[in-house]
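**Student:** Dropping the structure in here first, questions after.
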Amino acid sequence: MQDCVINDSRRFQDLLFLRWQNRIPLNPQKNDSKTHLLLPQLRGQNNKDRKDFPTSVEAGTRDSPPHQQSFCTHHGLMRGASAPPFFLPIHLRLFYHPQVFVLDRSPLHQSGRNRPSMGKTLRIAQVFRQERALLGKAVSVQGWVRTRRDSKVGVSFVELNDGSCLRNLQVVVATDQPDLALLLPRISNGCSLLVEGTLTASPGREQSVELLATRIHVYGEANPATYPLQKKRHSFEYLRQIGHLRPRTNTLGAVARVRNRLSFAIHQFFQEREFLYIQTPIITASDCEGAGEVFRVTTLKPEDMAGGDGENIYRKDFFGKPTYLTVSGQLQAEIYALALGNVYTFGPTFRSENSNTSRHLAEFWMVEPEMAFCDLDGDLQTAEALIKAMVQVVFSDCAEDLAFFNRFIEPSLAGELQKTLSEPMEVLPYEEAVRILQNSGEAFQFPVSWGSDLQAEHERYLTEKLFKRAVALIHFPRAIKPFYMRVNDDEQTVAAMDILVPRIGEIIGGSQREERLDHLLDQMRLKGIGEEDYRWYIELRQYGSVPHSGFGLGLERLVQYLTGVGNIREAIPFPRTPGHADF
RNA sequence: UCCCCGGUAGCUCAAUCGGCAGAGCGGGUGGCUGUUAACCACUAGGUUGGCGGUUCGAGUCCGUCCCGGGGAGCCA
Numbered sequence: 006m007q008d009c010v011i012n013d014s015r016r017f018q019d020l021l022f023l024r025w026q027n028r029i030p031l032n033p034q035k036n037d038s039k040t041h042l043l044l045p046q047l048r049g050q051n052n053k054d055r056k057d058f059p060t061s062v063e064a065g066t067r068d069s070p071p072h073q074q075s076f077c078t079h080h081g082l083m084r085g086a087s088a089p090p091f092f093l094p095i096h097l098r099l100f101y102h103p104q105v106f107v108l109d110r111s112p113l114h115q116s117g118r119n120r121p122s123m124g125k126t127l128r129i130a131q132v133f134r135q136e137r138a139l140l141g142k143a144v145s146v147q148g149w150v151r152t153r154r155d156s157k158v159g160v161s162f163v164e165l166n167d168g169s170c171l172r173n174l175q176v177v178v179a180t181d182q183p184d185l186a187l188l189l190p191r192i193s194n195g196c197s198l199l200v201e202g203t204l205t206a207s208p209g210r211e212q213s214v215e216l217l218a219t220r221i222h223v224y225g226e227a228n229p230a231t232y233p234l235q236k237k238r239h240s241f242e243y244l245r246q247i248g249h250l251r252p253r254t255n256t257l258g259a260v261a262r263v264r265n266r267l268s269f270a271i272h273q274f275f276q277e278r279e280f281l282y283i284q285t286p287i288i289t290a291s292d293c294e295g296a297g298e299v300f301r302v303t304t305l306k307p308e309d310m311a312g313g314d315g316e317n318i319y320r321k322d323f324f325g326k327p328t329y330l331t332v333s334g335q336l337q338a339e340i341y342a343l344a345l346g347n348v349y350t351f352g353p354t355f356r357s358e359n360s361n362t363s364r365h366l367a368e369f370w371m372v373e374p375e376m377a378f379c380d381l382d383g384d385l386q387t388a389e390a391l392i393k394a395m396v397q398v399v400f401s402d403c404a405e406d407l408a409f410f411n412r413f414i415e416p417s418l419a420g421e422l423q424k425t426l427s428e429p430m431e432v433l434p435y436e437e438a439v440r441i442l443q444n445s446g447e448a449f450q451f452p453v454s455w456g457s458d459l460q461a462e463h464e465r466y467l468t469e470k471l472f473k474r475a476v477a478l479i480h481f482p483r484a485i486k487p488f489y490m491r492v493n494d495d496e497q498t499v500a501a502m503d504i505l506v507p508r509i510g511e512i513i514g515g516s517q518r519e520e521r522l523d524h525l526l527d528q529m530r531l532k533g534i535g536e537e538d539y540r541w542y543i544e545l546r547q548y549g550s551v552p553h554s555g556f557g558l559g560l561e562r563l564v565q566y567l568t569g570v571g572n573i574r575e576a577i578p579f580p581r582t583p584g585h586a587d588f
């Protein structure tokens, strides 16, 4: 992959587009006249019994010129046939078990020109992926020490982790080498190292390979008497207090990798469906979008605010009127959907509610697709496809981390996700849900009746006891939903949807939007929303209005759902909650 | 914001009815071992969240404040 056409200046977004545009249709059984990349080494002795192995990969031809290909598996480096440039990793791995067929997906790091770090070092994940090819070869890695175990027969074992994967690389230090032995007292839990050595087969039972060190450089020591992270398990509460060190733990590191993969997968999902990525503003002037309390944005000092008479104060403020941090990009996304078709936003969102729970943050990330010419059914379909795609990508690309979460964080995780993937999402009208709950025989703390919002205990009954998977509730009473949701023909309900998942509750909230001018104005009057503040929103219904729909997906809740972490504060690198804005 | 629970060694937690402040892990020292949550021995480590009160005596009871967790509401 190192010769792919990515310029130095291209960044994350460009890479995403290239991968998408050059994606390859795959059909390993077929063998027609199209370009094939033969993978002869995969049929070597070690893989004879692997029936699920591909023998060839069909590369879809685009209008790019032919290009020399090469890519890596952990079975070795191979040069492929002449073929147009393409990017295998993401799509290919959907078809095979990741441990059987793992492609190297970091082309940027492999050519000298693009390599960002010091020296010819490999990421530890790369070492494991290519371990057979690298056996007996010189390998350099750099990272942070997780543990050191000494043996008096002349070796010391240092486990190194660089965040590229969950597993540590065991470094073997022979103490008969004086220059290495001298370093050992400085090497402790938390210190940072460069290790050059030879990759060898390991006699130990916990790992297949290890790095026999020939040279070690200590970048930075970590005083063992004061280093806050121990080898032992720490409580999440404690780790939050050391937010600058907690990504060095197994769990928070794995969460970061899953969150990264999901963020990328969200873009992939929408880009593949030709949605446009729209950046909506973070500072807004509308404060009552029906989605919670807002943070004030101002350059005024406290003394400027004193003694003023309301409106006049804001004339002196930066924007000349009250402004706030956004609680949603939806209304602005609607503007672009009504010009460009399908769009999505993906960015930070702010709510100043004083909510102190395991599912709420004051600053969180939200994905908000908005689709023109789309009704509630289309909305539901997109939402279900998105959730399933996210589960799929974690299964295929984060298998090691997922196994870790399933073992140490949430034992029912893998089974639960598998069920989400294999079964259709349950879609349930609110009215029917109320009936089910009333006839459930459960002793709820809060009674269920048509017209009132469902309580957490009701949602939990539906997702965790009754259906045991994702449930979409639709058609809620209009009185309990915001003004922009489309009123149904019964005049009593709106075309809303809440998608609930086990453990988390609401993960997606969306609706078909009210596109009819008269109905929208009615709704605004009923909810007491001033028309003057939403002139532009109303005009969208006056000029070329179309049926359209959208939803909001909370990234952190998605991360919670897919990793099993119980508290949302572990699903974001730097959680902001009432009283907490540290690091 | 409301309800419940908690705050004791660097970390995780014990301490009976109000009666001498404890363990495991981590740190240090020594020993043993191709180790892998390593193991064995010794050792250092404390204003029991803050302030006030009751009592001969408070980690323990009362008041108050601070902090954390769980649940509820709001929602993504």
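Offset between the first sequence (1-based) and my numbering: plus 5. Idealized CB from N, CA, C, for every residue including glycine.
For proline 208, which option in Val200, Arg483 and Val177 has the closest C-alpha, if you only look at C-alpha atoms?
**Tutor:** Val177
**Student:** I need the DSSP call for glutamate 428, collapsed to helix, strand or coil.
**Tutor:** coil
**Student:** Please work out which residues of its chain come closer than 6 Å, Cβ to Cβ, to tryptophan 455, disregarding the five sequence neighbours upstream and downstream, and give them in chain order.
**Tutor:** Val439
**Student:** Report yes if the C-beta distance between serine 197 and tyrosine 224 is below 8 Å; otherwise report no.
**Tutor:** yes
**Student:** Please list, in chain order, all residues of the same chain as glutamine 450 whose beta carbon is under 8 Å from its beta carbon, the five residues on each side excluded.
**Tutor:** Gln460 and Glu462
**Student:** Pick from Arg412, Ser357 and Arg483: whose alpha carbon is nearest that of alanine 586?
**Tutor:** Ser357
**Student:** What ranges does the alpha helix (DSSP H) occupy inside the stretch 193 to 277, keeping only unbroken runs of at least 4 residues that lie completely in it?
**Tutor:** 241 to 246 and 255 to 277
**Student:** Any chance the stretch 404 to 422 sits against the stretch 565 to 577, with 3 or more Cβ pairs inside 8 Å?
**Tutor:** yes
**Student:** Is there contact between the stretch 185 to 194 and the stretch 224 to 234, where contact requires at least three CB pairs shorter than 8 Å?
**Tutor:** Flag = yes, the stretch 185 to 194 and the stretch 224 to 234 touch.
**Student:** Answer yes or no: do methionine 502 and glycine 515 have a C-beta to C-beta separation smaller than 8 Å?
**Tutor:** yes
**Student:** From leucine 522 to isoleucine 513, what does the alpha carbon distance come to, in whole angstroms?
**Tutor:** As the crow flies, the alpha-carbon of leucine 522 is around 26 Å from that of isoleucine 513.
**Student:** Going by DSSP in three states, histidine 463 sits in which element: helix, strand or coil?
**Tutor:** When secondary structure is reduced to three states using DSSP, histidine 463 falls in the helix class.
**Student:** Quick check on the DSSP output: the alpha helix (DSSP H) that includes histidine 553 runs from which residue to which?
**Tutor:** Counting along the chain, histidine 553 falls outside any alpha helix (DSSP H), though it belongs to the beta strand (DSSP E) covering 553 to 559.
**Student:** Helix, strand or coil, according to DSSP, for glutamate 368 in the structure here?
**Tutor:** For glutamate 368, the secondary structure class from DSSP, reduced to helix, strand or coil, is strand.
**Student:** Assuming contact is defined by CB atoms lying nearer than 8 Å, are arginine 285 and alanine 344 in contact in what I supplied?
**Tutor:** Rather than arginine, the amino acid found at residue 285 in this sequence is threonine. The criterion of a C-beta distance shorter than 8 Å is not satisfied by threonine 285 and alanine 344.
**Student:** DSSP three-state label for serine 401, please.
**Tutor:** helix
**Student:** Can you give the Cα-Cα distance for arginine 320 and methionine 310, rounded to whole angstroms?
**Tutor:** Their backbone Cα atoms lie some 11 Å apart in a straight line.
**Student:** Once DSSP output is grouped into helix, strand and coil, what is the label at glutamate 375?
**Tutor:** Residue state, collapsed to three classes: strand.
**Student:** Give the DSSP bridge partners of glycine 514, in chain order.
**Tutor:** Asp503 and Gly557
**Student:** Please state the DSSP three-state secondary structure of tryptophan 541.
**Tutor:** helix
**Student:** What's the call for aspartate 54, buried or exposed, on a 16-neighbour Cβ count within 10 Å?
**Tutor:** In this predicted model, aspartate 54 has a pLDDT of only 33, less than 50, meaning its place in the structure is not dependable enough to derive any value.
**Student:** What's the gap between the Cα of phenylalanine 92 and the Cα of proline 353?
**Tutor:** Caution is warranted here: a pLDDT of 33 is assigned to phenylalanine 92, below 50, making its placement in the model unreliable, and the coordinate value is therefore given only provisionally. Their Cα atoms are separated by approximately 30 Å.
**Student:** How close, in whole Å, do the beta carbons of valine 492 and arginine 483 come, if the pair is a contact with beta carbons under 8 Å?
**Tutor:** Indeed, because the Cβ distance is near 6 Å, the residues count as touching under 8 Å.
**Student:** Following the continuous beta strand (DSSP E) through isoleucine 479, name the residue where it begins and the one where it ends.
**Tutor:** Here the beta strand (DSSP E) through isoleucine 479 covers 476 to 482.
**Student:** Buried or exposed for phenylalanine 106, please, with buried defined as at least 16 other CB atoms from any protein chain shown within 10 angstroms of its CB.
**Tutor:** Note that phenylalanine 106 scores 30 on pLDDT, short of 50, meaning its location in the model is unreliable and no value can be drawn from it.
**Student:** So which of Phe579, Gln131 and Ile573 has the shortest CA-CA distance to serine 360?
**Tutor:** Ile573
**Student:** Kindly indicate which three-state DSSP category leucine 330 falls into: helix, strand or coil?
**Tutor:** strand
**Student:** By the 10 Å Cβ neighbour count, where 16 or more other Cβ atoms means buried, how is histidine 480 classified, buried or exposed?
**Tutor:** buried
**Student:** Work out the CA separation of valine 144 and glycine 557 for me, nearest whole Å.
**Tutor:** Approximately 46 Å between the Cα atoms of the pair.
**Student:** Any idea what DSSP makes of glutamate 164, helix, strand or coil?
**Tutor:** Here glutamate 164 sits in strand by DSSP.
**Student:** Please classify leucine 381 as buried or exposed, where buried requires at least 16 other C-beta atoms within 10 Å of its C-beta.
**Tutor:** Buried.
**Student:** State the DSSP-derived secondary structure class of phenylalanine 355, mapped to helix, strand or coil.
**Tutor:** strand
**Student:** Just how far apart, CA to CA, sit arginine 172 and alanine 390?
**Tutor:** Approximately 31 Å between the Cα atoms of the pair.
**Student:** Roughly how many angstroms lie between the CA atoms of glycine 446 and glutamate 164, to the nearest whole one?
**Tutor:** Cα-Cα distance, rounded: 54 Å.
**Student:** Give the DSSP-derived three-state secondary structure of leucine 433 in the structure shown.
**Tutor:** strand
**Student:** Assign valine 299 to one of three DSSP states: helix, strand, or coil.
**Tutor:** coil
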